[in-house]
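A.B. asks:
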Amino acid sequence: MLSILAAGSIFFPGLFLLSKRCLRHIPGLRWSEGDAVIVSARLVSSIQAIMASSAGYIIATSCDDIIEDQHWLTSTYILFAVPYFVYDIYAMFMCYWHKLQVKGHEDDRGPKPIGAVLTSYLRREFLMVLHHVVMVTVCFPVSVFWRQGKGDYFQGVMFLAELSTPSVCLGKILIQYKQQHTLLHKVNGGLMLVTFFICRVLLFPYLYYAYGRYASIPLYTVPFSVPWQCNLGAALLMAPQVYWFSLICRGAFRLFTGSSRSRRLPPAAKANSDGSALPSPANGYSAREREHETDTH
């Protein structure tokens, strides 16, 4: 167990540092520190998502009995991925810090104290940080110890939620480089909308459906047939997904209607129209107007 945790603790931060170093020093690239940090963080998140989704597919397709069948990859990948959520809190903070510098949030008196930046980061990204903390402090012990080796199929299906992450990360990168007007961004936005809805919003109803089919009971009776802890956990995990999806829908609506609006606006207003067409790059889910509110603080 400790060796797997140690491997994850080395792999994800190491991959981040290696990517950042390559982006900064490879001839022909030589990106700035801020750009290298932001893109490297997205790259690591995408790689973790691909690994988790692959593990989830292997586990889910290997379990004939969705309750009793076990697969060695289930607990192994959980242990390996736990350090990622700790690392990602740090990576998100570094991205936030560099974005403040790029947007000119540092005045003539010099850089803001680290405590002030940290407080602003936690206030802005509270839900995302809370999600990561819960994954480490609650989901990890529940998945490894409380399940007692049962329900590997369900765990594998939950890993598949990460299928939406690469499109979210690509969207952040395209926003960072002001590519909101490109066809790639619109295609990626549509893909993000579909994958997020299927892999994160429909995930929990599907798990209830799968158990109802296994137990030969109607879907509406499943919540009354499983331990209350399962219902509580599903509700707590699904609530932020629904919230983030609602923000993605708002961003997608503005993205696909922004071009028609901008043709009706005078030239001076077009910049604002283009800039408000997409979700904020802070966490990949929030609407652009939330970023503007933060900028005014």
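Mapped onto the working numbering, the consecutive letters of the sequence shown carry residue numbers 2 to 298.
Using N, Cα and C, we set each Cβ at its ideal position, and we do this for glycine too.
With H, G and I counted as helix, E and B as strand and the rest as coil, what does DSSP make of A272?
C.D. replies: If you number the sequence shown from 1, residue 272 lands on position 271. Unreliable positioning characterises A272 in this predicted model, as indicated by a pLDDT of 42, which lies under 50. The coordinate reading is nonetheless provided below. Residue state, collapsed to three classes: helix.
A.B. asks: Among the residues of its own chain, which have a CB less than 7 Å from the CB of K21, if the five just before and after it don't count?
C.D. replies: Within the sequence shown, the letter at position 20 stands for residue 21. Taken in chain order, the residues that qualify are A37, V38 and S41.
A.B. asks: Quick check on the burial criterion: 16 or more other C-beta atoms within 10 angstroms. Buried or exposed for P167?
C.D. replies: For the purposes of this step, residue 167 is identified with residue 166 of the sequence shown, where counting begins at 1. Buried, by the Cβ-count rule.
A.B. asks: What is the DSSP secondary structure of G29, reduced to helix, strand or coil?
C.D. replies: Position 28 of the sequence shown, counted from the first residue, corresponds to residue 29. The answer is coil: DSSP assigns G29 none of H, G, I, E or B.
A.B. asks: Is A7 buried or exposed, if buried means 16 or more other CB atoms sit within 10 Å of its CB?
C.D. replies: Walking along the sequence shown from the start, residue 7 turns up at place 6. Answer is exposed; the Cβ neighbour count stays below 16.
A.B. asks: Identify whether A288 lies in helix, strand or coil by the three-state DSSP scheme.
C.D. replies: Here residue 288 refers to the residue found at position 287 of the sequence shown. Because the pLDDT at A288 is just 42, under 50, the model does not fix this residue reliably, and the point stays unresolved.
A.B. asks: Judging by CA-CA distance, which residue of L208, F94, R201 and V83 is the nearest neighbour of A117?
C.D. replies: Position 116 of the sequence shown, counting from 1, holds the residue named residue 117. Minimum Cα distance to A117 is reached at F94.
A.B. asks: Could you compute how far the alpha carbon of D66 sits from the alpha carbon of Y58?
C.D. replies: Along the sequence shown, one-based indexing puts residue 66 at 65. Along the sequence shown, one-based indexing puts residue 58 at 57. Taking the straight line joining both Cα atoms gives about 15 Å.
A.B. asks: Compute the Euclidean distance between the alpha carbons of R124 and L131, then round it to the nearest angstrom.
C.D. replies: Numbered from 1 along the sequence shown, position 123 holds the residue referred to as residue 124. Numbered from 1 along the sequence shown, position 130 holds the residue referred to as residue 131. Those two C-alpha atoms are separated by around 11 Å.
A.B. asks: So, does the CB of L119 fall closer than 9 Å to a CB anywhere in chain B?
C.D. replies: Within the model displayed, chain B is absent; a lone protein chain is all it includes.
A.B. asks: Who are the Cβ neighbours of S165 in its own chain at under 7 Å, not counting the five residues just before and after it?
C.D. replies: Locating residue 165 in the sequence shown gives position 164, where the first residue counts as 1. Hits under 7 Å: M193, T196, F197, C200 and R201.
A.B. asks: What's the gap between the Cα of H26 and the Cα of E34?
C.D. replies: Here residue 26 is taken as the residue at index 25 of the sequence shown, counted from 1. Here residue 34 is taken as the residue at index 33 of the sequence shown, counted from 1. Between H26 and E34, the C-alpha separation is close to 10 Å.
A.B. asks: Reducing DSSP to helix, strand and coil, say where V38 ends up.
C.D. replies: As a working mapping, residue 38 is identified with position 37 in the sequence shown. Three-state result, V38: helix.
A.B. asks: So is W98 buried or exposed if we call it buried at 16+ other beta carbons inside 10 Å?
C.D. replies: To locate residue 98, count along the sequence shown from 1; it is residue 97. The residue in question, W98, is buried, as its Cβ has 16 or more Cβ neighbours within 10 Å.
A.B. asks: Taking all protein chains shown into account, decide if Q49 is buried (16 or more other Cβ within 10 angstroms of its Cβ) or exposed.
C.D. replies: Walking along the sequence shown from the start, residue 49 turns up at place 48. Buried: at least 16 other Cβ atoms inside 10 Å.
A.B. asks: To the nearest angstrom, how far is the alpha carbon of P268 from that of R31?
C.D. replies: Taking the sequence shown and counting its residues from 1, one reaches residue 268 at position 267. Taking the sequence shown and counting its residues from 1, one reaches residue 31 at position 30. Low per-residue confidence applies at P268: pLDDT is 44, beneath 50, and the placement is therefore not dependable enough to give any value.
A.B. asks: When the Cα atoms are used, what is the spatial distance from V143 to P14?
C.D. replies: Position 142 of the sequence shown, counting from 1, holds the residue named residue 143. Position 13 of the sequence shown, counting from 1, holds the residue named residue 14. Between V143 and P14, the C-alpha separation is close to 25 Å.
A.B. asks: Can you give me the C-alpha to C-alpha distance between F160 and I115, rounded to a whole angstrom?
C.D. replies: For the purposes of this step, residue 160 is identified with residue 159 of the sequence shown, where counting begins at 1. For the purposes of this step, residue 115 is identified with residue 114 of the sequence shown, where counting begins at 1. Looking at the two C-alpha atoms, the distance is approximately 35 Å.
A.B. asks: Is it buried or exposed, F17, if we count other Cβ atoms within 10 angstroms and call 16 or more buried?
C.D. replies: The residue given as residue 17 occupies position 16 in the sequence shown. Its Cβ being crowded by 16 or more others within 10 Å, F17 is buried.
A.B. asks: Let me check understanding here. Comparing Cα to Cα, which of M239, V188 and S10 lies closest to Y91?
C.D. replies: The residue you call residue 91 lines up with position 90 of the sequence shown. Of the listed residues, the one whose Cα sits closest to Y91 is S10.
A.B. asks: Look at the alpha carbon of V188 and the alpha carbon of C250, and state the distance between them as a whole number of angstroms.
C.D. replies: The residue you call residue 188 lines up with position 187 of the sequence shown. The residue you call residue 250 lines up with position 249 of the sequence shown. Spanning the two alpha carbons is a distance of roughly 14 Å.
A.B. asks: Spatial neighbours of E107 within its chain, please: CB distance less than 6 Å, with the 5 preceding and 5 following residues excluded, ordered by chain position.
C.D. replies: For the purposes of this step, residue 107 is taken as the residue at position 106 of the sequence shown. Confidence at E107 is low in this model, with a pLDDT of 49, below 50, so its placement is unreliable and the value that follows should be read with caution. Hits under 6 Å: none found.
A.B. asks: Ordered along the chain, which non-local residues of its own chain (more than five positions away) have a Cβ less than 7 Å from that of I79?
C.D. replies: Looking up residue 79 in the sequence shown gives position 78. For I79, where only same-chain residues beyond five positions count, the Cβ hits under 7 Å are F141, S144 and V145.
A.B. asks: Quick test of the definition: if touching needs 3 or more C-beta pairs under 8 Å, does the region 231–247 touch the region 70–87?
C.D. replies: These segments do not touch.
A.B. asks: Relative to the C-alpha of Y154, which candidate in H72, G190 and M52 has its C-alpha closest?
C.D. replies: Here residue 154 corresponds to residue number 153 of the sequence shown, with the count starting at 1. Taking only the C-alpha atoms, the option nearest Y154 is H72.
A.B. asks: For the alpha helix (DSSP H) holding R214, just list the boundary residues, first then last.
C.D. replies: Locating residue 214 in the sequence shown gives position 213, counting from the first residue. It spans L204 to A216 - the alpha helix (DSSP H) in which R214 sits, taken as one unbroken run.
A.B. asks: Using 8 Å for Cβ pairs, my map puts G157 next to T77. What's the rounded Cβ distance?
C.D. replies: Working through the sequence shown from its first residue, we reach residue 157 at position 156. Working through the sequence shown from its first residue, we reach residue 77 at position 76. Not confirmed; about 12 Å, so no contact.
A.B. asks: In angstroms with no decimal places, state the Cα-to-Cα distance between K271 and G190.
C.D. replies: Position 270 of the sequence shown, counted from the start, is the residue given in the question as residue 271. Position 189 of the sequence shown, counted from the start, is the residue given in the question as residue 190. At K271, the pLDDT of 43 sits below 50, so the modelled position is not reliable and the matter cannot be decided from this model.
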